[in-house]
Amino acid sequence: MEITVLERLNKETEELIAVAGVNFLQQPLSYFAQNQSEYLYVESPAFEALKMDAVALEFDEAFEVPMALFGLRYKKSASQKLKEFLKHNLAQGLVSGAMFSGDEGIWEINISLNAMNDYDENQTIEQTLQKLEAFVAQLVQAIEA
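Residue numbering for the sequence shown follows UniProt numbering, starting at 1 and increasing by one per position.
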């Protein structure tokens, strides 16, 4: 996967901690549980092709789960297909959701990564991004079907 922007940021202030190199992608996803004050901001042409905004990966301290947050550029009319897909393809009871932002005209998607079927707590950040890309590709197919 080609990455065009990879930045570590402070969750509270959104200040840049560091521009991360591609080697950072080999860190385990658990990095965010151990560094809860930061998140990773990622841009990729692969995300853009799926009508995704940039992805943020972080650890949600309140629910104690790793999260992926991103915008998805579809109209509000995609609501039923989008929510049905998430309902049937994410483990129930875990924190995930989709809300349409009329101001921005995008869906704000939050996915608890451990709700994904192929989640592995030992996976790398790179593997997580690849699985997320595949998941969103299936979501896009469901919306456009």
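Even for Gly, the Cβ is constructed at its ideal location relative to N, Cα and C.
Please identify the residue among Met116, Ser101, Asp60 whose C-alpha is closest to the C-alpha of Phe85. Translated into positions along the sequence shown, residue 85 becomes position 85. Nearest C-alpha to Phe85: Met116.
Rounded to the nearest angstrom, what separates Glu144 and Ile109 at their Cα positions? Here residue 144 refers to the residue found at position 144 of the sequence shown. Here residue 109 refers to the residue found at position 109 of the sequence shown. Between Glu144 and Ile109, the C-alpha separation is close to 17 Å.
Could you check whether Phe32 and Glu64 sit closer than 7 Å to each other, using their CB atoms as the reference points? Mapped onto the sequence shown, residue 64 falls at position 64. Mapped onto the sequence shown, residue 32 falls at position 32. With contacts defined by Cβ atoms closer than 7 Å, Glu64 and Phe32 do not form a contacting pair.
Consult DSSP for residue 146 and reduce its assignment to one of helix, strand or coil. With the chain covering only 1 through 145, there is no way to say anything about residue 146.
So what does DSSP say about Ser112, is it helix, strand or coil? Along the sequence shown, read from residue 1 onward, the residue named residue 112 stands at position 112. Strand, per DSSP.
Determine the direct distance from the alpha carbon of Leu29 to that of Asn122, and round the result to whole angstroms. As a first step, residue 122 must be located in the sequence shown, where it is residue number 122. As a first step, residue 29 must be located in the sequence shown, where it is residue number 29. Per the coordinates, the alpha-carbon of Asn122 lies some 7 Å from the alpha-carbon of Leu29.
Using 7 Å as the threshold, is the C-beta distance between Ala78 and Leu69 below it? Your numbering for residue 78 matches position 78 in the sequence shown. Your numbering for residue 69 matches position 69 in the sequence shown. Between Ala78 and Leu69, the C-beta gap is not smaller than 7 Å, which leaves the two residues out of contact.
Under a three-way DSSP split, which group does Tyr39 fall into? Counted from its first residue, the sequence shown places residue 39 at position 39. In the structure shown, the three-state DSSP call for Tyr39 is strand.
Leaving out five residues before and five after Leu16 in sequence, what residues of the same chain have Cβ atoms less than 7 Å from its Cβ? As a working note, residue 16 is residue 16 in the sequence shown. If we look at Leu16 and ignore the five residues flanking it on each side, its Cβ neighbours are Glu7, Leu9.
Run through the segment 37 to 90 for me and flag every whole beta strand (DSSP E) of 3 or more residues, listed as ranges in chain order. If we require 3 residues or more, the beta strand (DSSP E) runs fully inside the segment 37 to 90 come out as 38 to 43, 52 to 60, 65 to 72.
Comparing C-alpha positions only, which one of Val136, Ala137, Phe135, Ile125 sits nearest to Ile3? Residue numbering aside, residue 3 sits at position 3 when the sequence shown is read from its first letter. Taking the Cα of Ile3 as reference, the smallest distance to any Cα among Val136, Ala137, Phe135, Ile125 is reached at Ile125.
Let me check understanding here. Comparing Cα to Cα, which of Leu50, Glu133, Gln130, Asp60 lies closest to Tyr39? Taking the first residue of the sequence shown as 1, we reach residue 39 at position 39. The shortest CA-to-CA distance from Tyr39 to any of Leu50, Glu133, Gln130, Asp60 is the one to Asp60.
So Ser112 and Val140 are in contact, right, with Cβ under 8 Å, and what is the actual spacing, rounded? Within the sequence shown, residue 112 is the residue found at index 112, counting from 1. Within the sequence shown, residue 140 is the residue found at index 140, counting from 1. Not confirmed; about 20 Å, so no contact.
Going straight from the alpha carbon of Met1 to that of Ala62, what length do you get? For the purposes of this step, residue 1 is taken as residue 1 along the sequence shown, with counting starting at 1. For the purposes of this step, residue 62 is taken as residue 62 along the sequence shown, with counting starting at 1. Cα to Cα, Met1 sits roughly 31 Å from Ala62.
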